[in-house]
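Residue numbers (the working numbering), protein chains in the order written: chain A, 1 to 262; chain B, 1 to 262. Don't be surprised by glycine CBs; every beta carbon is placed ideally from N, CA and C.
Number of protein chains: 2
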Amino acid sequence: MTERNETGEPLDDPDTPRGRGGASAVIPAGSPGSGRPGLDRRRILGAAVEFIDVNGLSALTMRRLGAHLGVEAMALYRYVPGRESLLDGVVETVIDELYGDPDVHIEPTHGWEDYLQRLAHGVRRIALAHPEVFPLVATRPPSAPWIRPPLRSLRWVESFLTALTTHGFSSEGAVAAYRAYSSFLLGHLLLEVSQKGVKISPLDEPETPVRADADVQQYPLVVELEPLLSLDESAAEFEESLENLVDRLQLVRRESRQPRRD
Amino acid sequence: MTERNETGEPLDDPDTPRGRGGASAVIPAGSPGSGRPGLDRRRILGAAVEFIDVNGLSALTMRRLGAHLGVEAMALYRYVPGRESLLDGVVETVIDELYGDPDVHIEPTHGWEDYLQRLAHGVRRIALAHPEVFPLVATRPPSAPWIRPPLRSLRWVESFLTALTTHGFSSEGAVAAYRAYSSFLLGHLLLEVSQKGVKISPLDEPETPVRADADVQQYPLVVELEPLLSLDESAAEFEESLENLVDRLQLVRRESRQPRRD
DNA sequence: ACCTGAACACCGTTCAAGT
DNA sequence: ACCTGAACACCGTTCAAGT
Numbered sequence: 001m002t003e004r005n006e007t008g009e010p011l012d013d014p015d016t017p018r019g020r021g022g023a024s025a026v027i028p029a030g031s032p033g034s035g036r037p038g039l040d041r042r043r044i045l046g047a048a049v050e051f052i053d054v055n056g057l058s059a060l061t062m063r064r065l066g067a068h069l070g071v072e073a074m075a076l077y078r079y080v081p082g083r084e085s086l087l088d089g090v091v092e093t094v095i096d097e098l099y100g101d102p103d104v105h106i107e108p109t110h111g112w113e114d115y116l117q118r119l120a121h122g123v124r125r126i127a128l129a130h131p132e133v134f135p136l137v138a139t140r141p142p143s144a145p146w147i148r149p150p151l152r153s154l155r156w157v158e159s160f161l162t163a164l165t166t167h168g169f170s171s172e173g174a175v176a177a178y179r180a181y182s183s184f185l186l187g188h189l190l191l192e193v194s195q196k197g198v199k200i201s202p203l204d205e206p207e208t209p210v211r212a213d214a215d216v217q218q219y220p221l222v223v224e225l226e227p228l229l230s231l232d233e234s235a236a237e238f239e240e241s242l243e244n245l246v247d248r249l250q251l252v253r254r255e256s257r258q259p260r261r262d
Numbered sequence: 001m002t003e004r005n006e007t008g009e010p011l012d013d014p015d016t017p018r019g020r021g022g023a024s025a026v027i028p029a030g031s032p033g034s035g036r037p038g039l040d041r042r043r044i045l046g047a048a049v050e051f052i053d054v055n056g057l058s059a060l061t062m063r064r065l066g067a068h069l070g071v072e073a074m075a076l077y078r079y080v081p082g083r084e085s086l087l088d089g090v091v092e093t094v095i096d097e098l099y100g101d102p103d104v105h106i107e108p109t110h111g112w113e114d115y116l117q118r119l120a121h122g123v124r125r126i127a128l129a130h131p132e133v134f135p136l137v138a139t140r141p142p143s144a145p146w147i148r149p150p151l152r153s154l155r156w157v158e159s160f161l162t163a164l165t166t167h168g169f170s171s172e173g174a175v176a177a178y179r180a181y182s183s184f185l186l187g188h189l190l191l192e193v194s195q196k197g198v199k200i201s202p203l204d205e206p207e208t209p210v211r212a213d214a215d216v217q218q219y220p221l222v223v224e225l226e227p228l229l230s231l232d233e234s235a236a237e238f239e240e241s242l243e244n245l246v247d248r249l250q251l252v253r254r255e256s257r258q259p260r261r262d
């Protein structure tokens, strides 16, 4: 009984040229050498990611994606069960880019702190590279309760838990760390990405002061602190919060190594 | 020039019976005494929230919402510019419930730590009360970069900043605290809510073990730690992380009171 | 003043038909 | 084997028309 994998689609065997790696999973076509080959699940998902990056999520329809691929919408249904699982595939495709990131290795050769740092920065690069896709990464219902955004794959969970348990964390400690880490990444990156989206969606208007016509006086502190509030300190905040989280996990690790008995 | 408010709709004057408060903004109708009064922006938004709570976000269409209100879809356009701003209104409606929450007061009479605690728990109650709406709260593009989810209103930002600056925080410290606080709430609550959604979406199946048919052996740690991973410790995690955040902000506060000059 | 009917352009999805 | 055309049910939204 071949049930369903994480996203509900049939999983093609990986008979594509690039074996497992290559950060450039988005644009290129199927077999190397031919110009516009036949359709292909990978090609469709790549085109969908590209389409969302350029036109925004709300612009993605089966018909338009078909047109983008030079094909009628109905042709897509041979490779994808429907729009919903197309979106699941988009999320999977984007997260899979992490495997091609040379700065994120699975084995933590420089300690678990270094591993958490590199992994976090890798996820952040992906979020910033696909700001229109990231809300999808954040909100698509996971297939299991412990597959948490934004690291939505068994493979990354395994990698994470391995890194920590092989570096002095107890099982409980590693799981607690996984939870705290997911929560931090999700919150920070979703905010950073949405902040980025706001800045460009209005026209080039260099400034849009507060005054909502009427109640300027109603929110004096917001008005006064607007210059501070408008600063984009996302990068610094990310580093700082990440550092702080790692420090906190160091305590978790120490406590979990010697479970005190009363 | 009456431009647009935060959500882009014309804002009706509040000529509705309940003056500003009342946590029960969802179900009740317009004027008290009459059974099914005329339409009304508030009534429409309340019905939309209720509809999403019951049927899920994807089920909400203008036509179905109209039917739910005993009216043709086209009648809604007299009160709401379109579907997109209906969703903005839904988000606003849900967040406004915070004002009716007796456990969340604006003035922090028991210190800023207590204020942050009560506010956080209030937001959490809302997220858990409207799990299908919360992803919308999390991802709708804010109207300004410093209106951050999940506290998406000028009023709450003002309240937050007031509480902190009147309790020893510098401007910079208060703004930094606002950022860290938003990020924590967003990440944790979005994960908690989506986790909750997963648990009920499949049928009553009490257990859905890992085995994705093939690669059971590929993720041995996930398999081994599945019992731990499956535990729902959201509530405890929330308390702990919140406590930790408050502690961290205590340091920010102390540092920011005496800006050292070198 | 408030709601409706009919209409338009566009969706996702199906299925028999083409090549 | 792979794609298309036509069709179906359903969308959001507009606008003239009803009451």
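- When 7 Å is used as the limit between beta carbons, residue 169 of chain A is near no residue of chain B, the shortest such separation being about 11 Å.
- When secondary structure is reduced to three states using DSSP, residue 130 of chain A falls in the coil class, being assigned neither helix nor strand.
- By the Cβ neighbour-count rule, residue 64 of chain B is exposed, with fewer than 16 other Cβ atoms within 10 Å of its own.
- Going by C-alpha positions, residue 102 of chain B is about 32 Å away from residue 76 of chain B.
- The C-alpha of residue 235 of chain B is placed about 27 Å away from the C-alpha of residue 124 of chain A.
- Scanning its chain for C-beta atoms nearer than 7 Å, with the 5 sequence neighbours on each side dropped, one finds around residue 48 of chain B the residues 60, 65, 86, 90, in chain order.
- Separation of residue 188 of chain A and residue 105 of chain B (C-alpha to C-alpha, rounded to the nearest whole angstrom) is 27 Å.
- Taken in chain order, the segment 138 to 178 of chain B contains no complete beta strand (DSSP E) segment of 3 residues or longer.
- Of A:154, A:137, A:115, A:155, the smallest CA-CA separation from residue 243 of chain A is found for A:115.
- Residue 224 of chain B and residue 138 of chain B have their C-alpha atoms roughly 33 Å apart.
- Residue environment for residue 218 of chain A: exposed (fewer than 16 other C-beta atoms within 10 angstroms of its C-beta).
- Taken through DSSP and simplified to helix, strand or coil, residue 247 of chain B comes out as helix.
- The distance from the Cβ of residue 191 of chain A to that of residue 182 of chain B is about 6 Å, consistent with a contact at the 8 Å cut-off.
- The alpha-carbon of residue 42 of chain A is positioned some 14 Å away from that of residue 81 of chain A.
- Taken atom to atom, the span from the alpha-carbon of residue 94 of chain A to that of residue 68 of chain A is near 19 Å.
- Between the alpha carbons of residue 100 of chain A and residue 130 of chain A lies a distance of about 15 Å.
- Cα atoms of residue 174 of chain A and residue 159 of chain A: separation of roughly 11 Å, rounded to the nearest angstrom.
- In the three-state DSSP reduction, residue 72 of chain B falls in the coil class, being neither helix nor strand.
- When 7 Å is used as the limit between beta carbons, residue 162 of chain A is near these residues of chain B: 221, in chain order.
- With distances taken between CA atoms, residue 92 of chain A lies nearest to A:141 out of A:74, A:113, A:141.
- By the Cβ-count criterion, residue 253 of chain A is buried, with 16 or more other Cβ atoms from all chains shown falling within 10 Å of its own Cβ.
- Neighbours of residue 146 of chain A in chain B, taken as residues at a C-beta separation under 7 Å, are given in chain order as 229, 230.
- In this structure, DSSP gives residue 109 of chain B a state outside helix and strand, which the three-state scheme calls coil.
- When A:239, A:167, A:135 are compared, the shortest CA-CA separation from residue 149 of chain A is found for A:135.
- Around the beta carbon of residue 161 of chain A, 16 or more other beta carbons sit within 10 angstroms, so the residue counts as buried.
- Residue 224 of chain B: member of the alpha helix (DSSP H) spanning 220 to 230, first to last residue.
- The Cβ atoms of residue 157 of chain B and residue 151 of chain B lie closer than 8 Å to each other.
- Residue environment: residue 250 of chain A is assigned as exposed (fewer than 16 neighbouring CB atoms within 10 Å of its CB, all protein chains considered).
- Put simply, the CB of residue 198 of chain B is near chain A, with a gap under 8 Å to one of its CB atoms.
- As the crow flies, the alpha-carbon of residue 143 of chain A is around 7 Å from that of residue 198 of chain B.
- For residue 61 of chain B, there is no enclosing alpha helix (DSSP H), as DSSP gives it neither H nor E.
- Look at residue 165 of chain A: its C-beta is under 8 Å from a C-beta on chain B.
- Near chain A, meaning a CB-to-CB distance below 7 Å, no residue of the segment 43 to 69 of chain B qualifies.
- For residue 216 of chain A, the secondary structure class from DSSP, reduced to helix, strand or coil, is coil.
- Interface flag for residue 252 of chain A against chain B is unset, since no Cβ pair is found closer than 8 Å.
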